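Q: Heads up: the sequence lines are chains A and B, in that order. Counting in my numbering, the first sequence runs from 162 upward without gaps. Counting in my numbering, the second sequence runs from 162 upward without gaps. Glycine residues also receive a C-beta, built at the ideal position from the N, C-alpha and C atoms. Note that this is a predicted model, so its numbers are computed, not measured.
Protein chains: 2
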Amino acid sequence: MHIFQEIRPLKAFLEQIRKGSGTIGFVPTMGALHPGHISLIQASQKDNHKTICSIYVNPAQFNNAADLAKYPRTLERDLELLRQQGCDAVFCPSNAEMYATDSILKFDFGYLNTEMEGRYRPGHFSGVALVVSKLFNIVQPDVAYFGQKDFQQFKIIERLVSELKFEIALKCMPIVRESDGLAMSSRNARLSKENRTKAAQLYQALLFAKEGLSKNKSMADIRSQVESQFNSVGGIQLEYLELVDSTNLLPLENVGDKSILLIAAYVGEVRLIDNLLLT
Amino acid sequence: MHIFQEIRPLKAFLEQIRKGSGTIGFVPTMGALHPGHISLIQASQKDNHKTICSIYVNPAQFNNAADLAKYPRTLERDLELLRQQGCDAVFCPSNAEMYATDSILKFDFGYLNTEMEGRYRPGHFSGVALVVSKLFNIVQPDVAYFGQKDFQQFKIIERLVSELKFEIALKCMPIVRESDGLAMSSRNARLSKENRTKAAQLYQALLFAKEGLSKNKSMADIRSQVESQFNSVGGIQLEYLELVDSTNLLPLENVGDKSILLIAAYVGEVRLIDNLLLT
Numbered sequence: 162m163h164i165f166q167e168i169r170p171l172k173a174f175l176e177q178i179r180k181g182s183g184t185i186g187f188v189p190t191m192g193a194l195h196p197g198h199i200s201l202i203q204a205s206q207k208d209n210h211k212t213i214c215s216i217y218v219n220p221a222q223f224n225n226a227a228d229l230a231k232y233p234r235t236l237e238r239d240l241e242l243l244r245q246q247g248c249d250a251v252f253c254p255s256n257a258e259m260y261a262t263d264s265i266l267k268f269d270f271g272y273l274n275t276e277m278e279g280r281y282r283p284g285h286f287s288g289v290a291l292v293v294s295k296l297f298n299i300v301q302p303d304v305a306y307f308g309q310k311d312f313q314q315f316k317i318i319e320r321l322v323s324e325l326k327f328e329i330a331l332k333c334m335p336i337v338r339e340s341d342g343l344a345m346s347s348r349n350a351r352l353s354k355e356n357r358t359k360a361a362q363l364y365q366a367l368l369f370a371k372e373g374l375s376k377n378k379s380m381a382d383i384r385s386q387v388e389s390q391f392n393s394v395g396g397i398q399l400e401y402l403e404l405v406d407s408t409n410l411l412p413l414e415n416v417g418d419k420s421i422l423l424i425a426a427y428v429g430e431v432r433l434i435d436n437l438l439l440t
Numbered sequence: 162m163h164i165f166q167e168i169r170p171l172k173a174f175l176e177q178i179r180k181g182s183g184t185i186g187f188v189p190t191m192g193a194l195h196p197g198h199i200s201l202i203q204a205s206q207k208d209n210h211k212t213i214c215s216i217y218v219n220p221a222q223f224n225n226a227a228d229l230a231k232y233p234r235t236l237e238r239d240l241e242l243l244r245q246q247g248c249d250a251v252f253c254p255s256n257a258e259m260y261a262t263d264s265i266l267k268f269d270f271g272y273l274n275t276e277m278e279g280r281y282r283p284g285h286f287s288g289v290a291l292v293v294s295k296l297f298n299i300v301q302p303d304v305a306y307f308g309q310k311d312f313q314q315f316k317i318i319e320r321l322v323s324e325l326k327f328e329i330a331l332k333c334m335p336i337v338r339e340s341d342g343l344a345m346s347s348r349n350a351r352l353s354k355e356n357r358t359k360a361a362q363l364y365q366a367l368l369f370a371k372e373g374l375s376k377n378k379s380m381a382d383i384r385s386q387v388e389s390q391f392n393s394v395g396g397i398q399l400e401y402l403e404l405v406d407s408t409n410l411l412p413l414e415n416v417g418d419k420s421i422l423l424i425a426a427y428v429g430e431v432r433l434i435d436n437l438l439l440t
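1) On the DSSP bridge list, what partners appear for A:C333?
2) May I have a chain-ordered list of the alpha helix (DSSP H) segments no shorter than 4 residues that lie completely inside the segment 237-316 of chain A?
3) Who does A:P220 pair with in a DSSP beta bridge?
4) For a minimum of 3 consecutive residues, which ranges assigned as the beta strand (DSSP E) are wholly contained in the segment 322-368 of chain B?
5) Tell whether a beta-carbon distance below 8 Å holds between B:F312 and B:N436.
6) Going by the beta-carbon positions, is the gap between B:S346 and B:L404 smaller than 8 Å?
7) At the level of alpha carbons, what is the spacing between B:T190 and A:E414?
8) In angstroms, rounded to a whole number, what distance separates the CA positions of B:L243 and B:G181?
9) Exposed or buried, B:Q177, counting other C-beta atoms within 10 Å across all chains shown (16 or more means buried)?
10) Roughly how many whole angstroms lie between the Cα atoms of B:A193 and B:N409?
11) Based on Cα-Cα distance, which residue from B:V428, B:L240, B:L423 and B:L363 lies nearest to B:I213?
12) Chain A partners of B:S294, CB-CB under 7 Å?
13) Here's the rule I'm using: 16 or more other beta-carbon atoms within 10 Å means buried, otherwise exposed. How should A:Y272 be labelled?
14) For B:T262, return the contacting residues in chain A, with the cut-off set at a CB-CB distance below 9 Å.
15) Any contact between the segment 203-211 of chain B and the segment 315-325 of chain B? By contact I mean 3 or more CB pairs, one from each, below 8 Å.
16) Could you name the residues that DSSP lists as bridge partners for A:Q390?
17) With DSSP collapsed to three states, give me the class of B:D406.
18) Go ahead and pull the three-state DSSP assignment for B:L201.
19) Using a Cβ-Cβ cut-off of 7 Å (strictly less than) and excluding sequence neighbours within five positions of A:F270, which residues of its own chain qualify?
20) In the structure shown, what three-state DSSP assignment does A:E400 receive?
21) Taking the continuous beta strand (DSSP E) assigned at A:P189, which residues delimit it?
22) Between the Cα of B:E276 and those of B:Q314, B:D228 and B:N209, spot the shortest distance and give me the residue it belongs to.
23) Measuring alpha carbon to alpha carbon, tell me which residue in B:F327, B:D303 and B:F165 is nearest A:V292.
24) Contact check, B:E258 vs B:E167 under 8 Å by CB: the rounded distance?
25) Does the Cβ-Cβ distance between A:G186 and A:D208 come in under 8 Å?
26) Mind pulling the chain B residues with CB within less than 9 Å of A:L291?
27) Counting only Cβ pairs nearer than 8 Å, list the residues of chain B close to A:N298.
28) So with Cβ pairs under 8 Å, would you call B:L410 a contact of chain A?
29) For A:Q365, which of A:P254, A:E339, A:A381 and A:M334 has the nearest alpha-carbon?
30) Determine the direct distance from the alpha carbon of B:K419 to that of A:S294, and round the result to whole angstroms.
31) Rounded to whole angstroms, what's the CA-CA distance from A:V300 to A:P254? Just pull it up for me.
32) Got a sec? Which residues, its chain only, sit under 8 Å from A:K172 by beta carbon, not counting five neighbours each side?
33) What do you reckon, are the CB atoms on A:S200 and A:V337 nearer than 8 Å?
34) Output the boundary residues of the alpha helix (DSSP H) element that contains B:D435.
35) Would a check of beta-carbon distances place B:F312 closer than 8 Å to chain A?
36) Do you know how far the Cα of A:V188 is from the Cα of A:G373?
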């Protein structure tokens with residue numbers, strides 16, 4: 162497995178693949194890899210001649226310095242996992258390599274970044290769009306793979322690709338869950354044992370909401386019942402629970418053709434998100 | 162000369178050039194070509210195997226609907242000029258081709274887009290960055306050529322390329338002037354005969370400012386003298402006259418290593434800009 166910390170040798174490597182008419186699949190990550198990431202690597206390997214994974218904790222997408230400092234970093238273990246998986250190359254650049262100049266550029270995606278994650282994490286999606294643009298221009302993949310867990314992020318990247326006319330196909334891969342339903346996330350590693358058990362409540366809330374909607378309950382009622390449930394468990398703070406159209410993220414009153422439920426909550430000091438497509 | 166109105170056949174054409182290891186020079190324009198544009202085509206032809214020119218009046222960079230409506234459009238004449246010049250290909254897409262989806266994405270370059278043109282044309286540079294990003298991803302040139310007349314635009318594009326890590330070299334080519342010093346611009350075609358004569362006052366003001374600065378006059382004094390001169394000629398309305406650092410566009414009190422004077426004024430109903438590097 163080739164490991165690149167600098168852009169130039171990575172580009173030379175990729176250029177050789179392209180000259181051989183091979184397709185390049187790309188899995189951008191922030192490391193602390195778990196089976197959700199591995200499912201993206203496997204999807205890319207199935208579709209492409211070569212698979213490149215990037216591991217980079219992008220400071221520009223953290224609106225909270227403590228969250229950035231505490232974000233799990235397990236590079237040696239990540240590289241070993243990718244090696245075992247047969248990943249062809251890993252790009253793990255330094256901040257200096259990714260941000261050679263101080264950054265002043267901000268992106269605004271209108272309603273796509275004002276609600277849900279955008280409301281609670283101001284500037285987050287601008288930082289995501291910036292680093293994804295950088296990575297797309299460096300790697301120039303044929304296909305890029307993202308997890309459905311970060312669904313709003315996927316919609317932002319979809320919009321970035323369509324507006325900037327990147328010639329990159331995007332794939333949104335299903336959420337991989339623990340046996341109790343908790344969506345796999347690098348941040349789960351930061352949960353205490355007790356909070357790890359409580360964290361399954363997010364998925365339970367999504368199932369409860371789906372069930373309630375099928376019985377014509379209103380989102381307001383569902384939300385208040387979920388908050389009661391979280392309070393009775395204790396130590397879980399709901400940020401949002403929304404029913405939106407999965408094509409444009411606009412809020413819905415009732416389940417439609419392409420609806421999705423999205424949730425964010427603090428479990429102890431760890432902020433978790435999850436979602437459920439209703440199709 | 163190949164003429165493309167659609168992205169797909171243009172990309173296929175460019176792919177063949179790249180496979181032959183030829184370099185691609187790119188000159189993005191809004192048409193109504195004049196000798197300033199032709200100098201960019203010539204510079205590209207000197208440096209590259211193939212030269213592509215785009216002609217597209219980008220609605221997203223017009224903050225003023227009347228300015229967009231009145232912008233000169235001379236496509237047949239432009240194509241003839243490019244043919245005579247030996248340009249290899251022209252890309253002249255429709256709005257539908259460039260904006261397949263409605264656009265919600267905005268760019269913000271901080272202080273680079275809050276002053277001068279940014280102050281008088283809100284949203285202008287966001288539209289420029291959007292269309293240039295699209296064109297760069299479509300054409301993927303080795304080198305792109307821009308005129309120094311739009312100096313602030315060049316700084317924005319320089320920043321876009323460095324922050325998004327486009328692998329494109331940028332060249333800023335000198336202003337081409339009429340015999341009386343007026344900077345060549347597509348908008349000059351909209352000047353009445355009388356205003357065409359008055360328009361030379363912009364360049365005169367830049368020379369006057371340069372002279373004044375060399376005699377330690379303040380920019381405030383120079384600005385007020387230029388305004389008096391414009392008033393005495395009549396029909397010229399100064400928007401700004403600024404001395405800034407050409408590397409970061411921050412205002413200067415005195416001429417330094419890399420200073421530039423920039424001016425914008427209405428001559429009748431036509432808004433003109435010009436600048437002068439002081440080195």
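A: Concretely, from the data shown:
1) When DSSP reads this structure, A:C333 sits in a beta bridge with A:F307.
2) Whole alpha helix (DSSP H) segments, 4+ residues: 256-259, 278-281 and 285-300.
3) DSSP, once it has assigned bridges, lists no residue as partnering A:P220.
4) The segment 322-368 of chain B contains these whole beta strand (DSSP E) runs: 330-334.
5) The Cβ-Cβ distance between B:F312 and B:N436 falls below 8 Å.
6) Their beta carbons are not under 8 Å apart, which means B:S346 does not touch B:L404 by this criterion.
7) Between B:T190 and A:E414, the alpha-carbon positions lie close to 47 Å from each other.
8) Here the C-alpha atom of B:L243 lies approximately 23 Å from the C-alpha atom of B:G181.
9) With a 10 Å radius around the Cβ and a threshold of 16 neighbouring Cβ atoms, B:Q177 comes out exposed.
10) About 30 Å.
11) That would be B:L240, whose Cα lies nearest to the Cα of B:I213.
12) Here the neighbours are L325.
13) When all chains shown are included, A:Y272 counts as exposed.
14) Simply R320, S323 and E324.
15) Touching, no, given that fewer than three Cβ pairs across the two stretches are closer than 8 Å.
16) Answer is none; A:Q390 lacks a bridge partner.
17) DSSP, read as helix, strand or coil, puts B:D406 in strand.
18) Taken through DSSP and simplified to helix, strand or coil, B:L201 comes out as helix.
19) Excluding positions up to five away in sequence, the list reads F286, I317 and R320.
20) If DSSP states are grouped into helix, strand and coil, A:E400 belongs with the strands.
21) I185 to T190 is the span of the beta strand (DSSP E), which, as asked, contains A:P189.
22) Closest option to B:E276, Cα to Cα, is B:Q314.
23) Nearest in C-alpha terms to A:V292, of all of B:F327, B:D303 and B:F165, is B:F327.
24) That pair is a contact at about 6 Å.
25) Contact check for A:G186 against A:D208 passes: the beta carbons are separated by less than 8 Å.
26) Within chain B, the C-beta atoms nearer than 9 Å to that of A:L291 come from E324 and L325, in chain order.
27) L325, K326, F327 and E328, listed in chain order.
28) It does not: the Cβ of B:L410 has no partner Cβ on chain A nearer than 8 Å.
29) For the residues A:P254, A:E339, A:A381 and A:M334, the minimum Cα distance to A:Q365 belongs to A:E339.
30) Cα-Cα distance, rounded: 31 Å.
31) Just so you know, the alpha carbons of A:V300 and A:P254 end up roughly 13 Å apart.
32) Closer than 8 Å at the Cβ level, and outside the excluded window around A:K172, lie I299.
33) Taking the C-beta atoms as reference points, A:V337 is found nearer than 8 Å to A:S200.
34) B:D435 -> not in any alpha helix (DSSP H); beta strand (DSSP E) instead, spanning V431 to L439.
35) No, its Cβ sits nowhere closer than 8 Å to a Cβ of chain A.
36) Whole-angstrom Cα-Cα distance: 36 Å.
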